[in-house]
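To keep things clear, I will list the structure first and then write my remarks on it.
Residue numbers (mature numbering (1 follows the signal peptide of the UniProt record, and there is no 0)): -18 to -1, 1 to 50.
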């Protein structure tokens, strides 16, 4: 009888481990997707700021050249 109860408990523990592993995998995948999205948004924003700054500097240079 003890062996049967022990076997049932072990199977229950293995089932719980599988569920925890699946939950961990889901959390990890979601975290990866979110950080990737944040990284891409940051990259795009930085690129846009860089282009706007470059264009502003070019415009100022052109204005200064026209005045001279």
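In this text, a Cβ means the ideal position worked out from N, Cα and C, and glycines have one as well.
| Rounded C-alpha distance that separates residue -3 from residue 7 | 14 angstroms
| field | Inter-residue Cα distance where the pair is residue -13 and residue -7 | value | In a straight line, the C-alpha of residue -13 is about 10 angstroms away from that of residue -7.
| task | Please report the residue range of the alpha helix (DSSP H) in which residue -18 lies. | result | Per DSSP, residue -18 belongs to no alpha helix (DSSP H) and is neither H nor E.
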